[in-house]
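Structure record follows, encoded as structure tokens.
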Amino acid sequence: MCKRIFLSIVLLYGFFAKAQYPGYTLLTNSTVFKEQFAAASLKTNTIQSDFVQEKNLSMLSEKIVSKGKFWFKKENFVRMEYNQPFKYLMILNNGKVYIKDAQKENTVSSASNKLFRQINNILIDCMKGSALNNPDFTARIFEGRQAFLLELSPTATNLKDFFQHINIIVDKKDYTATSIEMYEPGGDNTVIHFTNKQLNSTIPDALFTIH
Amino acid sequence: MRYLPFISFLISLLACSSPYTKMQKISRDAGCVQKFRPAFDGTLYNTKVDVVGKHLSGLLLIKTMPDSSTRIVFTSEIGFKFFDFGFSHDSGFKIYYILKQMDKKAVIKTLRKDFELIMMYNIPMQDAYVLKNKENYYYYAFPQEKGINYYIIDSACSQLLSMERSSKRKVVVEAVMQQYHNGLPDTIGITHKNFNFTIGLKRLEKK
Numbered sequence: 387m388c389k390r391i392f393l394s395i396v397l398l399y400g401f402f403a404k405a406q407y408p409g410y411t412l413l414t415n416s417t418v419f420k421e422q423f424a425a426a427s428l429k430t431n432t433i434q435s436d437f438v439q440e441k442n443l444s445m446l447s448e449k450i451v452s453k454g455k456f457w458f459k460k461e462n463f464v465r466m467e468y469n470q471p472f473k474y475l476m477i478l479n480n481g482k483v484y485i486k487d488a489q490k491e492n493t494v495s496s497a498s499n500k501l502f503r504q505i506n507n508i509l510i511d512c513m514k515g516s517a518l519n520n521p522d523f524t525a526r527i528f529e530g531r532q533a534f535l536l537e538l539s540p541t542a543t544n545l546k547d548f549f550q551h552i553n554i555i556v557d558k559k560d561y562t563a564t565s566i567e568m569y570e571p572g573g574d575n576t577v578i579h580f581t582n583k584q585l586n587s588t589i590p591d592a593l594f595t596i597h
Numbered sequence: 132m133r134y135l136p137f138i139s140f141l142i143s144l145l146a147c148s149s150p151y152t153k154m155q156k157i158s159r160d161a162g163c164v165q166k167f168r169p170a171f172d173g174t175l176y177n178t179k180v181d182v183v184g185k186h187l188s189g190l191l192l193i194k195t196m197p198d199s200s201t202r203i204v205f206t207s208e209i210g211f212k213f214f215d216f217g218f219s220h221d222s223g224f225k226i227y228y229i230l231k232q233m234d235k236k237a238v239i240k241t242l243r244k245d246f247e248l249i250m251m252y253n254i255p256m257q258d259a260y261v262l263k264n265k266e267n268y269y270y271y272a273f274p275q276e277k278g279i280n281y282y283i284i285d286s287a288c289s290q291l292l293s294m295e296r297s298s299k300r301k302v303v304v305e306a307v308m309q310q311y312h313n314g315l316p317d318t319i320g321i322t323h324k325n326f327n328f329t330i331g332l333k334r335l336e337k338k
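Heads up: the protein sequence lines correspond to chains E and S, in order. Counting along the first sequence from 1, when you hit position 103 you're at 489 in our numbering, and nothing is skipped either side. Counting along the second sequence from 1, when you hit position 124 you're at 255 in our numbering, and nothing is skipped either side.
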């Protein structure tokens, strides 16, 4: 009897998991994925790409689209340069966050701001392949035909205010993130798509310099 | 020298006097204001906020909803939402979302009043009156629950020069909406007079 109930629960769980993300199935054993993900991440030292960011405001039926360039360099360097429809620059450099908008520039130490540090870590983790080790989230892994979907649900209370969950779509070819989807509790979401990716190209350190 | 205290008293009285008391009340149709009411339709603004030495930037989306209410959503450039407010013409106001760090009564009240001023909400024509100053500008006055909202317009009713929210004695907030295109201002500026708080909006083309 117990076996039947257990089997029903597993089947039901599998059914809902499958229904949650069409084209994806929940990985019940993620060991192989984790090994391959870690191995591929070890080989990736830099990522350079274009990006398109979509902010979807569900209740307003509105979408805010912005575009720019993205650079990542191990271990903890990220540069996001928004070019359209506004200019905005964000550099993450070993725990410091530099922000430059059309009027001002500002540097914040993420060490002094827990929330900044946590959000900072999400982006770095997505690129470094260490997203599954972040203690602020629990993870489920789904497999599709061409990609894996990593669903991260926040455990930290302050992050729950911002995110219902974060999905990272990982390309099966090179195990790098093709998009990051951030879902808010109110139903809105922000999706960042990375295109024209170049792995391990030479990226000068100067791009991440914070003055 | 013995008149010094009296002169000082007079100066302080003058400094305290309302700038509106010297204006002449005239009979004029207050409906002129309506033509400057912006029809926000999912309009996106690049936004800079400076408040007591702190700088914040982001994107402000203003949209008139099918029920004629207006939603204002402010997000950071990277997508984090700061607030989402709803305004309706019957003085209704709803907070759909506000970041915990901003969730303070004074902050919400200030933002609400500022946006009501520029969206020209709560301006019932039956309560309105018009003042004229020496430069021949017309001050369309709309008494609020507290204070008065003024829309300063040229004599031909062809240009909205500025907006003011005032207490009984002085101007509390000054605002401008300039470079109208298709009924929408390209730039909006809000400046508080009693503390260091400014909001600057520059219209963006949505892609």
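Note that beta-carbon positions come from the ideal geometry of N, C-alpha and C, so glycine has one too. The structure presented is a predicted model; accordingly, all values stated were derived computationally and were not measured.
Quick one: is residue i near chain E, going by C-beta distance under 7 Å?
i: residue 182 (chain S); result: no
i: residue 179 (chain S); result: yes
i: residue 228 (chain S); result: yes
i: residue 140 (chain S); result: Any reading at residue 140 (chain S) must be qualified, since the residue scores a pLDDT of 46, below 50, and its modelled position is unreliable; the value itself is stated next. Not one chain E Cβ lies under 7 Å of residue 140 (chain S).
i: residue 210 (chain S); result: yes
i: residue 173 (chain S); result: yes
i: residue 137 (chain S); result: Reliability of the predicted coordinates at residue 137 (chain S) is poor, the pLDDT of 48 falling under 50, and the value obtained from them is presented with this limitation in mind. So, not an interface residue.
With distances taken Cα to Cα, identify the nearest neighbour of residue i among the options.
i: residue 490 (chain E); options: S:179, S:242, S:213 and S:327; result: S:179
i: residue 253 (chain S); options: S:310, S:278, S:289 and S:269; result: S:278
i: residue 512 (chain E); options: E:461, E:418 and E:472; result: E:461
i: residue 230 (chain S); options: S:213, S:163, S:224 and S:243; result: S:213
i: residue 202 (chain S); options: E:520, E:445, E:472 and E:584; result: E:445
i: residue 470 (chain E); options: S:182, S:256, S:175 and S:317; result: S:175
i: residue 502 (chain E); options: S:257, S:275, S:211 and S:160; result: S:211
i: residue 205 (chain S); options: S:246, S:237, S:183 and S:307; result: S:246
i: residue 191 (chain S); options: S:311, S:283 and S:242; result: S:242
i: residue 576 (chain E); options: E:565, E:583 and E:585; result: E:565
i: residue 263 (chain S); options: S:195, S:287 and S:255; result: S:287
i: residue 158 (chain S); options: S:333, S:194 and S:260; result: S:260
Sorted by chain position, which residues of the same chain lie with C-beta nearer than 6 Å to residue i's C-beta, five sequence neighbours on each side aside?
i: residue 207 (chain S); result: 189
i: residue 475 (chain E); result: 467 and 486
i: residue 457 (chain E); result: 434, 465, 589 and 593
i: residue 280 (chain S); result: 248, 273 and 296
i: residue 403 (chain E); result: Because residue 403 (chain E) sits at a pLDDT of 46, beneath the cut-off of 50, its placement in the model cannot be relied upon, and the point is left open.
At a Cβ threshold of 7 Å, is residue i touching chain S?
i: residue 429 (chain E); result: no
i: residue 543 (chain E); result: no
i: residue 436 (chain E); result: no
i: residue 584 (chain E); result: no
i: residue 538 (chain E); result: no
i: residue 489 (chain E); result: yes
i: residue 441 (chain E); result: yes
i: residue 567 (chain E); result: no
Got a sec? Which residues, its chain only, sit under 7 Å from residue i by beta carbon, not counting five neighbours each side?
i: residue 400 (chain E); result: Per-residue confidence for residue 400 (chain E) stands at a pLDDT of 47, beneath the threshold of 50, marking its modelled position as unreliable; the derived number appears in the next sentence. Excluding residues within five positions, the ones whose Cβ falls inside 7 Å are 412.
i: residue 549 (chain E); result: 540, 568, 569 and 570
By the criterion of Cβ-Cβ separation under 7 Å, what are the contact partners of residue i in chain E?
i: residue 319 (chain S); result: Simply none; closest approach about 15 Å.
i: residue 335 (chain S); result: 471 and 472
Using the beta-carbon of each residue, which ones in chain E are nearer than 8 Å to residue i?
i: residue 330 (chain S); result: Result: empty, since nearest Cβ-Cβ is about 13 Å, beyond 8 Å.
Is any heavy atom in the ligand MN found nearer than 6 Å to the beta carbon of residue i?
i: residue 337 (chain S); result: Ligands are entirely absent from the displayed structure, and the ligand MN is therefore not among its contents.
Name, please, each residue of chain S whose Cβ falls closer than 8 Å to the Cβ of residue i.
i: residue 548 (chain E); result: 211
i: residue 446 (chain E); result: 173, 192, 194, 196, 202 and 204
i: residue 492 (chain E); result: 186
Run down chain S in chain order and give the residues with a C-beta less than 7 Å from the C-beta of residue i.
i: residue 576 (chain E); result: 210
i: residue 517 (chain E); result: Here the premise fails: no neighbours, minimum Cβ distance about 17 Å.
In chain order, what residues of the same chain lie with their CB nearer than 8 Å to the CB of residue i, ignoring the 5 residues before and after it?
i: residue 302 (chain S); result: 150, 295, 296 and 324
i: residue 521 (chain E); result: 541
i: residue 388 (chain E); result: Unreliable placement is indicated for residue 388 (chain E), whose pLDDT of 48 sits below 50; no coordinate value is reported for it.
i: residue 449 (chain E); result: 440, 441, 442 and 443
i: residue 409 (chain E); result: 530 and 531
i: residue 268 (chain S); result: 283, 284, 285, 286 and 292
For residue i, which residues in chain S fall below 9 Å Cβ to Cβ?
i: residue 572 (chain E); result: 212, 215, 227 and 228
| query | Going along the segment 186-207 of chain S in order, which residues come within less than 7 Å of chain E, judged by CB to CB distance? | reply | 186, 188, 190, 192, 194, 202, 204 and 206
| chain S contacts made by the segment 450-482 of chain E, where a contact means CB separation under 8 Å | 450, 451, 452, 453, 466, 468, 470, 471, 472, 474 and 476
| message | Can you pull out the residues from the segment 230-259 of chain S whose beta carbon lies closer than 7 Å to at least one beta carbon of chain E? | response | 231
| request: Anything in the segment 261-282 of chain S with a Cβ closer than 7 Å to a Cβ of chain E? List those residues in chain order, please. | output: none
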